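Chemist:
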Amino acid sequence: MTALAPTNPWMAGAKDDYRVCGVTTLKVDMHAERLIIANAVMAVVCLVLGGIAALLIALTRWQAVHLLDATWFYRLLTLHGIDMLVAWIVFFEMAGLHFGSTALLNARHAAPKLAWTGFILMAVGGLMANFVVLFDPASTVTFTAYVPLKAHPLFYLSYILFAVGALITTITFFINIVVAKREKRYEGSLPLAVFGLMTAAILAVYTLLQGAIAIVPAFLWSLDVFPVYDPGIYRNFFWGFGHPAQQVNLAAMVSIWYMLAQMTVGIRPVNEKFSRLAFILYLFFINLGSAHHLLVDPGLSFAWKAVNTSYAMYLAVLGSMMHAFSIPAAMEIALRAKGYTKGLFGWLRNGPWNEPGFSGLVVSMILFGWIGGVTGVTIGTEQINMLAHNTMRLPGHFHATVVGGTTTAFMAFTYYVIPLIFRKELKLKKWAVWQPYVYGVGSALVSLGMITSGLQGVSRRNWDITFAGVVPGTVDLTLAIFGIGALIAVTGGIMYVTVVLVSILTGPRVEASNMLLVAGTNNPLLESTKLTDHQMEDKQNQPKGTLVMVFAFLVWFAVYYLTNWWLLGRTWFIR
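Right under this line is the structure:
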């Protein structure tokens, strides 16, 4: 670590200034740096609030413990959904948009005052939502707040403030891109990671507008301006927000996957056009996955439901599978180019497994793809979804994607934000090394416990499952797996928060001196620029191991998918 770098004005006489990062060699706009720090801090605050609720909810759904009464269970379930599915993720993504549209382009922040307005609205909205849910019994309506359940007007206002703030921040992202292009801060196409963040930003605009169409009338209805509000209309527009919000997470997460791979291994994308096409598929098809939430709604035709839970959804899935090949393939080529060419998986064995960014990336991809992705496509199919949707299989799926995949990737990336943006030395490095594994194991057990419980008929969002007296005894085992997994995941979360707080609250601010945190003193980010076309095309460097893993994944996908159809066929016996 070295003393703080001096700042320089972007233009003569301008108040806007920047510093040059000695590790990445990128220019970091000081307005952007402060905005990134503010959004990242709020993200961690929301993660802590949502994590506390998660622990208490898990210890209630674990039937042998059954900690909370019904009132507090549903109250904390509402808070958990808001803080974890929306606030933690979106605050972190806003930090990513500021970073991607400035530092990654060597550009200035063109609208810092507007960005601060967006941040303040988001912070006020997020804190207001927590306050209303905790202290107003009428606002225990869960994250979805389905009409005719009516919460306090401040509940809906908090959603609106948060969404408007996020929309403003997203607009500043586009302003920064336009200004950077006009000022010739980059040439040609956007860098791949920024292209992915732009995909997330475009999806966010659509998502937030859909949310406004659902929530603004609900706000007026709660004030009795509207005497009635049609539940079908609300559900339709809400899921134009609720499910696509997770696709914003997907695009942002994949962008961070590419960045982590470049920062820890030194990759060059195998084929940038291939990766960009995968992001474009998200733009056209990913939002259609919302259809599986509306399969029993009477206002939509059978044809619309069938198409959007099959062919249209598969094109979005194709985009994720393209990334799932291109990133490991690029990692394999980069590691083989370093000399790890023995066998199919010598490169993988010699990866920097003690580097939090690398281990977090691998854990994130496994949880997201092998558990979350496979289960998501399966239960998104119309016939299977009709049985699975209101069981614990559904939260088992999205805990693998959002909790396992997205959150693990964001946590791993944080460890590099601390020295590079906060300019504080990362403390408790051994904790940081183990944290992705602890959190990943816990998240996997949570998802698997939920999915296996759901397969036995355990309903989601239900405080007590014993009232009907028909739950099989094996559910006690699967719910125990879920509960133990939650304890392990929360332990991993505590490790993460502790590392972050100790790092940013202690010690002086100093410039980072290394890209890698624990795995060495080399700089894979700069090494990636020296990876030649000859090395990329060398026969011994080709991604043979990745190809084997892809086929193994496809076999697992097929087995799980077809097994679900077999189980569906056994639901009704014809004799």
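Reminder that position 5 of the sequence shown reads as 47 in my numbering, one-by-one numbering, no gaps. In this text, a Cβ means the ideal position worked out from N, Cα and C, and glycines have one as well. Just so it is clear, the structure is predicted and the values come from calculations on it, not from any experiment.
Using the C-alpha atoms, what's the distance from A442 back to T186?
Modeler: Spanning the two alpha carbons is a distance of roughly 20 Å.
Chemist: Tell me the rounded alpha-carbon separation between Q582 and L490.
Modeler: If I take the Cα positions, the gap works out to 38 Å.
Chemist: Does the Cβ of D125 have 16 or more other Cβ atoms within 10 Å, making it buried, or fewer, making it exposed?
Modeler: With 16 or more other Cβ atoms within 10 Å, it is buried.
Chemist: What residue range does the alpha helix (DSSP H) around V189 cover?
Modeler: First-last for V189: undefined, no H or E at that position.
Chemist: Spell out the partners DSSP gives P51 in its beta bridges.
Modeler: P51 pairs with D59.
Chemist: Can you tell me which of the three DSSP states T588 falls into?
Modeler: Three-state result, T588: helix.
Chemist: Helix, strand or coil for S501? Go by DSSP, reduced to three states.
Modeler: In this structure, S501 counts as strand in the three-state DSSP scheme.
Chemist: Looking at the secondary structure, which residues open and close the alpha helix (DSSP H) in which K466 lies?
Modeler: No alpha helix (DSSP H) contains K466, which DSSP labels as neither H nor E.
Chemist: So, with DSSP's three-state summary, where would you put K380?
Modeler: K380 falls in the coil class under three-state DSSP.
Chemist: With DSSP as the reference, label T540 as helix, strand or coil.
Modeler: In the structure shown, T540 sits in a helix (DSSP, three-state: H, G or I).
Chemist: Find the nearest neighbour of A256 within the set A246, T159, A594 and N278, judged by alpha-carbon distance.
Modeler: Minimum Cα distance to A256 is reached at N278.
Chemist: Determine which residues share a DSSP beta bridge with V70 and list them.
Modeler: Paired residue(s): R61.
Chemist: List the endpoints of the continuous alpha helix (DSSP H) containing A243.
Modeler: Segment L234 to S264, the alpha helix (DSSP H) holding A243.
Chemist: If you follow the alpha helix (DSSP H) that M136 is part of, which residue opens it and which one closes it?
Modeler: M136 -> alpha helix (DSSP H) spans I131 to T144.
Chemist: Which term fits D266, buried or exposed, when burial requires 16 or more other beta carbons within 10 angstroms of its beta carbon?
Modeler: It is exposed - the Cβ of D266 has fewer than 16 other Cβ atoms within 10 Å.
Chemist: Identify the continuous alpha helix (DSSP H) that holds E314 and give its terminal residues.
Modeler: Note, E314: alpha helix (DSSP H), E314 to F327.
Chemist: Considering Cα atoms alone, identify which of L357, F283, E397 and S264 is closest to V307.
Modeler: Cα-wise, what sits closest to V307 is E397.
Chemist: Report back the beta-carbon spacing between M407 and A366 to the nearest angstrom; my notes put them in contact at under 8 Å.
Modeler: The pair is a contact, with the Cβ atoms about 7 Å apart (cut-off 8 Å).
Chemist: Would you mind working out which of G138, F141 and A95 sits nearest L127, comparing C-alpha positions?
Modeler: Selected option, being the one with the closest Cα: A95.
Chemist: Output the distance between the C-alpha atoms of D518 and T449, rounded to the nearest integer angstrom.
Modeler: So the alpha carbons of these two residues sit roughly 28 Å apart.
Chemist: Report yes or no: do the segment 466-484 and the segment 84-93 share at least 3 C-beta pairs separated by less than 8 Å?
Modeler: Segments in contact, no.
Chemist: Please list the terminal residues of the continuous alpha helix (DSSP H) segment that includes S332.
Modeler: It is not in any alpha helix (DSSP H) - S332 carries neither H nor E in the DSSP assignment.
Chemist: Report buried or exposed for F455, applying the criterion of at least 16 other Cβ atoms within 10 angstroms of its Cβ.
Modeler: With 16 or more other Cβ atoms within 10 Å, it is buried.
Chemist: Going by the beta-carbon positions, is the gap between P273 and V189 smaller than 8 Å?
Modeler: Closer than 8 Å, so yes.
Chemist: For the 8 Å Cβ check, are there 3 or more pairs between the segment 339-352 and the segment 429-438?
Modeler: They do not touch, by the three-pair rule.
Chemist: How many angstroms separate the CA atom of K226 from the CA atom of L377?
Modeler: If you take the alpha carbons of K226 and L377, they lie about 34 Å apart.
Chemist: From K586 to M295, what does the alpha carbon distance come to, in whole angstroms?
Modeler: Between K586 and M295, the C-alpha separation is close to 25 Å.
Chemist: As a quick exercise: from F133, G393 and P195, pick the residue whose alpha carbon is nearest that of F173.
Modeler: Of F133, G393 and P195, the residue nearest in Cα terms is P195.
Chemist: Could you check the C-alpha separation between G142 and R310 for me, to the nearest Å?
Modeler: Their Cα atoms are separated by approximately 18 Å.
Chemist: Rounded to a whole number of angstroms, what is the C-alpha to C-alpha distance between Y603 and K347?
Modeler: Taking the straight line from one Cα to the other gives about 19 Å.
Chemist: By the 10 Å Cβ neighbour count, where 16 or more other Cβ atoms means buried, how is H122 classified, buried or exposed?
Modeler: Result: buried.
Chemist: Ordered along the chain, which non-local residues of its own chain (more than five positions away) have a Cβ less than 7 Å from that of A531?
Modeler: Excluding sequence neighbours, A531 sits near Y481, G484, S485 and V488.
Chemist: Buried or exposed: which applies to L596, given that a residue is buried once 16 or more other Cβ atoms fall within 10 Å of its Cβ?
Modeler: L596 comes out exposed.
Chemist: I need the straight-line Cα distance from L610 to M240, nearest angstrom please.
Modeler: Their Cα atoms are separated by approximately 40 Å.
Chemist: Would you list the one or two residues that DSSP bridges to T443?
Modeler: T443 pairs with nothing; no bridge assigned.
Chemist: Check whether the segment 558-572 touches the segment 491-508, taking contact to mean three or more Cβ pairs, one atom from each stretch, closer than 8 Å.
Modeler: No contact exists between the segment 558-572 and the segment 491-508.
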